[in-house]
Amino acid sequence: MIALTERTLSGWGGYQPLSCSVAEPSSRGQLRRILDSQVEHPHVLARGLGRSYGDSAVCRGGTVLLQGNADRILSFDRATGLVRCEAGVTLADLIQVCLPRGWFLPTTPGTKFVTVGGAIAADVHGKNHHVDGTFGRWIRRLTLLLADGSERVCGPDQDGDLFWATVGGMGLTGYIVEAEIQMRPCTTAYFRVDYRRHRNLDATLAAMEETDSDYRYSVGWIDCLARGRHLGRSVLMLGNDARAEDLSAQQADHPFTVAPKNRKSVPIYFPNMALNRLSVSLFNEVYFAAHPDRSSIVDFDTYFYPLDSIHHWNRIYGRRGFVQYQALFPPGTAEKGLRAVLETLGRFGLASFLAVIKRSGPANPAPLSYLYPGYTLALDIPNVGERMLEMVRQLDKILLHEGGRLYLAKDSLMSEDTFRAMYPRRDEFLAVKRRVDPGNRFVSEQARRVGLIVTS
Amino acid sequence: MNRTYIILGAASGIAKAVSRSLASRGHDLILAGRSQEELNLLAKDLETRHQVQARILVFDASCRAEVTGLLEASTRLNDAQLVDGVILAYGVMFPQPETEANLDLLALTLEVNLVSSVLVLQAFANAFVTRGRGVIVGISSVAGDRGRGSNYHYGCSKAGLSAFLDGLRHRLHDKGVHVCTVKPGFVATPMTDGLVNPNSPLCARPDQVARDILRAIDRKTGRIYTLWVWRWIMMIIRSVPEFLFLRTKL
Ligand SMILES: Cc1cc2nc3c(=O)[nH]c(=O)nc-3n(C[C@H](O)[C@H](O)[C@H](O)COP(=O)(O)OP(=O)(O)OC[C@H]3O[C@@H](n4cnc5c(N)ncnc54)[C@H](O)[C@@H]3O)c2cc1C
Ligand SMILES: NC(=O)c1ccc[n+]([C@@H]2O[C@H](COP(=O)([O-])OP(=O)(O)OC[C@H]3O[C@@H](n4cnc5c(N)ncnc54)[C@H](OP(=O)(O)O)[C@@H]3O)[C@@H](O)[C@H]2O)c1
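Note that the protein sequences, when read in sequence, are chains S and D. Under this note's numbering, the first residue of the first sequence carries the number 3, and numbering increases by one thereafter. Under this note's numbering, the first residue of the second sequence carries the number 235, and numbering increases by one thereafter.
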């Protein structure tokens with residue numbers, strides 16, 4: 003018998019926590035026994051490190067399965083860069099094992115504290131999407147446990163429908179047990195980064211379009227409090243893999259070793275609204291001023307994971323939490339759509355420290371994968387209650403009007419109608435789910451909210 | 235120096251953390267335990283992460299024949315001087331009302347935590363003495379320090395184990411063999427899942443316990459409490475006079 007504990011769970015945004023039954027299987031056998039007992043566990047959901055922002059990894063009335071013990075890296079071939087591991091392994095673990103042997107993640111989100119399972123389920127993307135696509139593109143094989151307890155192996159060339167529905171499928175097709183990931187060769191742990199400031203939105207978008215082909219990694223920070231002719235002013239951070247000859251003599255001695263960062267922690271929740279407009283605008287001024295145009299060699303931690311050095315940074319938004327809002331627009335309407343979003347933010351005066359803009363590349367075969375070619379903007383919005391909800395409703399309208407799309411891994415509020423309009427391939431996904439999980443054994447609060455469930 | 239440790243109960247929460255710490259120092263491992271599937275997964279992980287050798291040995295401590303098999307295997311390992319240290323990390327703990335009502339379960343507790351443990355450690359001790367070196371780490375428990383009404387079945391198995399380890403250390407301290415008794419308080423592992431709040435300041439993470447055990451091996455410490463506060467907590471619990479103790483609910 004496995005112990006079930008009641009725990010209050012939310013996503014990383016801390017928005018509307020809910021009480022759930024949680025179990026942490028101690029072995030593969032115990033996991034199988036849970037999935038075999040349909041009566042005791044009618045609904046189940048895998049949870050990684052809870053870095054999705056909303057209710058993707060939360061499930062009331064079901065058993066939320068933690069993966070702390072599914073953290074084993076089973077093989078790594080340093081000649082080919084193929085790694086096989088359990089789904090609870092974190093990207094930080096993969097870096098630790100593979101980087102010293104000359105291989106890096108094929109793509110990575112803005113935090114290394116996510117699991118392989120979570121990265122596949124959300125089909126995450128990084129700064130190199132326009133070149134390397136999403137995480138799912140680098141998965142060669144998955145081992146799943148399905149709703150009936152059976153084990154199934156799939157890959158791009160083996161039951162491709164199930165494979166691509168699982169990539170981006172937010173844990174709703176089955177439980178990912180193991181994955182095989184193709185890592186990418188690298189010669190150092192460093193990146194050559196050019197910082198470029200741009201004075202407004204037009205300049206930012208033009209620069210991204212123009213320079214993206216010169217850089218493997220490209221991302222921008224947008225000052226979302228700038229108004230008028232400065233609307234959309236930004237700092238672009240454009241990077242390429244550093245070669246050995248780019249490094250200083252000291253770095254070149256140990257090209258794959260980066261001194262661990264001093265980790266700070268936010269020990270308590272900030273009082274609600276410590277983050278007011280004033281503090282954010284101060285932050286933004288300082289940030290903008292601190293990033294004159296320059297080039298430098300930075301280590302992977304500094305370039306990819308600036309926030310990871312501050313433990314629990316989500317607490318600065320206070321106990322009421324915040325929501326993330328990631329908006330994607332196709333190239334044709336991006337300028338108009340982004341402008342409308344930034345103007346709406348300005349009108350509501352809801353401050354966001356972290357507004358990140360990125361140009362996306364081609365989509366992949368996964369029916370629920372988020373990105374298609376265009377521009378995406380990710381915002382943190384503090385939960386101030388009704389005013390936040392009203393703003394999000396207005397932002398949703400802009401997106402629907404301009405053919406935009408929201409990201410499931412970041413979403414806390416999307417309605418079923420909005421989801422249907424934004425994800426036209428929903429039915430393809432549900433056809434696979436009907437085949438492998440007709441009874442909706444795998445379900446999350448988000449799936450219930452946006453209607454990612456099979457109906458008879 | 236590269237050594238080989240055998241971990242008995244290698245799939246336990248504490249053992250996993252200990253194995254990783256040992257492997258990260260480059261030591262080879264023999265993982266012994268009940269589930270071949272789990273041991274295989276653990277062995278592959280240690281080999282991949284730390285590039286050490288990890289072999290597996292399947293046995294069930296509740297089955298005397300299999301314990302005998304383990305003893306034979308350990309003799310062979312010792313004859314070939316393949317093992318430098320042994321870490322005993324298996325154990326069971328049932329809710330006491332169950333062992334009160336079901337004496338088979340009580341017998342199982344004693345068989346696993348005490349009888350098999352003592353037999354296996356004695357076999358390794360014999361071999362280590364002949365060689366004049368070796369490390370024996372036994373994971374006992376604070377529960378063995380004083381019998382308490384709510385948990386004295388598990389407690390007496392651990393008290394027996396602690397006494398065995400005390401005696402072994404006494405006999406071997408000048409024979410080059412280091413014997414260490416580890417007394418964890420609460421540790422967040424499957425054994426305490428749902429029983430103990432893992433965020434309590436009295437509850438250790440397995441990696442904290444592993445760190446304390448490795449430090450004890452390095453310094454050849456005889457007895458450790460982990461977390462360290464348990465030394466003081468148990469000192470108080472042991473020193474409460476019986477007439478007062480009987481009135482407490484512990
Ligand atoms: C600071 C920060 C920066 C981020 N930056 C980016 C970014 O740049 N790009 C990006 O794409 N995302 C980004 N994200 C989002 C994050 O990468 C995703 O939400 C990711 O899914 C989180 O992984 P997790 O392990 O925490 O999973 P969780 O949040 O716990 O779960 C996410 C989903 O994965 C499913 N899941 C987890 N494990 C399994 C399994 N074994 N089998 C089946 N389903 C499973 C869950 O059911 C759930 O639906 C960021 C998040 C943070 C906090
Ligand atoms: N957790 C605590 O708070 C705490 C406190 C004090 C002392 N301890 C002691 O620490 C040690 C490690 O426990 P843990 O906390 O890490 O718990 P755990 O994860 O539950 O580990 C117990 C291990 O014992 C193994 N085991 C049980 N019966 C067995 C048998 N018949 N034959 C072989 N192996 C058997 C189990 O094997 P399977 O994996 O095959 O089930 C499991 O790996 C135990 O001796 C325990 O008494 C723990």
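We put the beta carbon where it would ideally sit given N, CA and C, even for glycine.
What in chain S is Cβ-close to Gly410(D), meaning under 8 Å?
Here the question's residue 410(D) lines up with position 176 in the second sequence. None at all; the shortest Cβ gap to chain S is about 36 Å.
Can you list, in chain order, the residues of its chain with a C-beta nearer than 6 Å to that of Arg491(D)? Leave out the 5 residues immediately preceding and following it.
Coverage of chain D is limited to positions 235 through 484, which leaves residue 491(D) absent and any answer about it impossible.
Please classify Gly90(S): is it buried, with 16 or more other beta-carbons within 10 angstroms of its beta-carbon, or exposed?
The residue given as residue 90(S) occupies position 88 in the first sequence. It is buried - the Cβ of Gly90(S) has at least 16 other Cβ atoms within 10 Å.
Which residues share a DSSP beta bridge with Gln448(S)?
The residue labelled residue 448(S) in the question sits at position 446 within the first sequence. DSSP, once it has assigned bridges, lists no residue as partnering Gln448(S).
Rounded to whole angstroms, what's the CA-CA distance from Ser308(D) to Ala357(D)? Just pull it up for me.
Locating residue 308(D) in the second sequence gives position 74, where the first residue counts as 1. Locating residue 357(D) in the second sequence gives position 123, where the first residue counts as 1. Each residue's Cα considered, the two are about 7 Å apart.
At least three beta-carbon pairs within less than 8 Å, the stretch 391-398 of chain D to the stretch 360-378 of chain D
yes
Write down the C-beta distance between Phe115(S) and Asp310(S) rounded to the nearest angstrom, noting that I regard them as a contact closer than 8 Å.
Here residue 115(S) is taken as the residue at index 113 of the first sequence, counted from 1. Here residue 310(S) is taken as the residue at index 308 of the first sequence, counted from 1. Right, the Cβ-Cβ distance comes to about 6 Å (below 8 Å), so this counts as a contact.
Chain-ordered neighbours of Ala5(S) on chain D, where CB pairs are closer than 7 Å:
Translated into positions along the first sequence, residue 5(S) becomes position 3. What Ala5(S) touches in chain D: Asp427, Gly428.
When you compare only the Cα positions, how much space is there between Ile447(D) and Leu436(D)?
The count along the second sequence starts at 1 and reaches residue 447(D) at position 213. The count along the second sequence starts at 1 and reaches residue 436(D) at position 202. About 17 Å.
For Gly145(S), I'd like the list of residues in its chain whose CB is within less than 6 Å of its CB, leaving aside the five on either flank, ordered along the chain.
Counting from 1 along the first sequence, the entry for residue 145(S) is found at position 143. Looking at the sequence provided, one finds Thr at residue 145(S) rather than Gly. Closer than 6 Å at the Cβ level, and outside the excluded window around Thr145(S), lie Val155, Val179, Glu180.
Looking at the unbroken beta strand (DSSP E) that takes in Leu291(D), where does it start and where does it end?
Translated into positions along the second sequence, residue 291(D) becomes position 57. Note, Leu291(D): beta strand (DSSP E), 288-292.
Which residues DSSP lists as bridging Glu242(D), in chain order:
Within the second sequence, numbered from 1, the residue matching residue 242(D) stands at position 8. Checking the sequence shown, residue 242(D) turns out to be Leu, not Glu. Answer by DSSP bridge pairing, in chain order: Ala266(D), Leu322(D).
For Arg186(D), which residues from the same chain have a beta carbon less than 7 Å from its beta carbon, with the 5 sequence-adjacent residues on both sides left out?
Beyond the ends of chain D as shown, which are 235 and 484, falls residue 186(D); an answer cannot be given.
Alpha-carbon spacing of Met390(S) relative to Ser362(S), whole angstroms:
For the purposes of this step, residue 390(S) is taken as residue 388 along the first sequence, with counting starting at 1. For the purposes of this step, residue 362(S) is taken as residue 360 along the first sequence, with counting starting at 1. So the alpha carbons of these two residues sit roughly 27 Å apart.
Answer yes or no: does any C-beta atom of chain S fall closer than 7 Å to that of Asp279(D)?
Taking the first residue of the second sequence as 1, we reach residue 279(D) at position 45. At least one chain S Cβ lies under 7 Å of Asp279(D).
Please state if the CB of Asn242(S) and the CB of Arg265(S) are separated by a distance shorter than 7 Å.
For this step, residue 265(S) is matched to residue 263 along the first sequence. For this step, residue 242(S) is matched to residue 240 along the first sequence. No, they are not a contact pair.
Run through the stretch 49-135 of chain S for me and flag every whole alpha helix (DSSP H) of 4 or more residues, listed as ranges in chain order.
93-100, 118-123, 131-134
CB-CB length for Asp248(S) against Ile299(S), believed under 8 Å:
Within the first sequence, residue 248(S) is the residue found at index 246, counting from 1. Within the first sequence, residue 299(S) is the residue found at index 297, counting from 1. With a Cβ gap of about 6 Å, Asp248(S) and Ile299(S) count as contacting.
Nearest to Gly50(S) (by Cα), restricted to the options Asn71(S), Gly31(S), Arg86(S)
Stepping through the first sequence from its first residue, residue 50(S) is reached at position 48. Selected option, being the one with the closest Cα: Asn71(S).
Which same chain residues, not among the five before or five after Gly138(S), have their C-beta less than 7 Å away from its C-beta?
For this step, residue 138(S) is matched to residue 136 along the first sequence. Within the same chain, Gly138(S) has close Cβ partners Ile122, Asp125, Val169, Gly170, Asn366, Ala368, Ser371.
Using a Cβ cut-off of 8 Å, which residues of the stretch 259-271 of chain D contact any Cβ in chain S, in chain order?
Ser269, Glu271
Taking Cβ to Cβ, would you say Ile370(D) is nearer than 7 Å to Ile241(D)?
For this step, residue 370(D) is matched to residue 136 along the second sequence. For this step, residue 241(D) is matched to residue 7 along the second sequence. Contact: no.
Please identify, using Cβ separations under 7 Å, the residues of the stretch 85-109 of chain S that lie next to chain D, in order along the chain.
Val99
Please list, in chain order, the chain D residues whose beta carbon lies closer than 8 Å to that of Glu182(S).
Here residue 182(S) is taken as the residue at index 180 of the first sequence, counted from 1. Result: empty, since nearest Cβ-Cβ is about 13 Å, beyond 8 Å.
Let's see if you can read the secondary structure: which residues bound the beta strand (DSSP E) around Asn242(S)?
Here residue 242(S) is taken as the residue at index 240 of the first sequence, counted from 1. From DSSP, the beta strand (DSSP E) with Asn242(S) extends over 236-243.
Taking Gly31(S) as the query, report the chain D residues whose CB atoms sit under 8 Å from its CB, ordered along the chain.
Residue numbering aside, residue 31(S) sits at position 29 when the first sequence is read from its first letter. Under the 8 Å cutoff, chain D gives Ser269, Glu271, Glu272.
Can you give me the Cβ contacts of Pro432(D) inside the same chain, cut-off strictly under 6 Å, excluding the 5 residues immediately before and after it?
Translated into the one-based positions of the second sequence, residue 432(D) becomes position 198. The answer, listed in chain order, is Ala422.
Cutting at 6 Å between CB atoms, please list the residues of its own chain near Glu88(S), excluding the five before and the five after it.
Residue 88(S) sits at position 86 when you count from the first residue of the first sequence. Cβ neighbours of Glu88(S) beyond the five flanking positions: Ala72, Arg74, Glu180.
What does Leu76(S) reach in chain D if we use C-beta pairs closer than 8 Å?
By 1-based counting over the first sequence, the position of residue 76(S) is 74. Leu275, Lys278, Asp279, Thr282, listed in chain order.
Report whether the distance from the Cβ of Ala323(D) to the nearest heavy atom of ligand 2 is below 6 Å.
Residue mapping note: residue 323(D) aligns to position 89 of the second sequence, counting from 1. Yes, Cβ of Ala323(D) sits closer than 6 Å to a heavy atom of ligand 2.
My understanding is that Ser414(S) touches Gly63(S), with C-beta atoms under 8 Å, so please give their C-beta distance in whole angstroms.
By one-based count along the first sequence, residue 414(S) stands at place 412. By one-based count along the first sequence, residue 63(S) stands at place 61. About 19 Å separates the two Cβ atoms, so there is no contact after all.
Glu26(S) versus chain D: which residues are under 9 Å apart at the beta carbon?
Within the first sequence, the letter at position 24 stands for residue 26(S). Near Glu26(S) (Cβ distances below 9 Å), the residues of chain D are Pro424, Asp427.
For Ala245(D), return the contacting residues in chain C, with the cut-off set at a CB-CB distance below 7 Å.
Among the protein chains in the structure shown, which are S and D, there is no chain C.
So what does DSSP say about Gly368(D), is it helix, strand or coil?
For the purposes of this step, residue 368(D) is identified with residue 134 of the second sequence, where counting begins at 1. DSSP places Gly368(D) in strand when its eight states are reduced to three.
Quick one: give me the first and last residue of the beta strand (DSSP E) that His200(S) is part of.
Here residue 200(S) is taken as the residue at index 198 of the first sequence, counted from 1. That run of the beta strand (DSSP E) goes 192-200.
Member of Leu311(D), Gly319(D), Trp462(D) whose CA lies at the smallest distance from the CA of Ser253(D)
In the second sequence, counting from the first residue as 1, residue 253(D) sits at position 19. That would be Gly319(D), whose Cα lies nearest to the Cα of Ser253(D).
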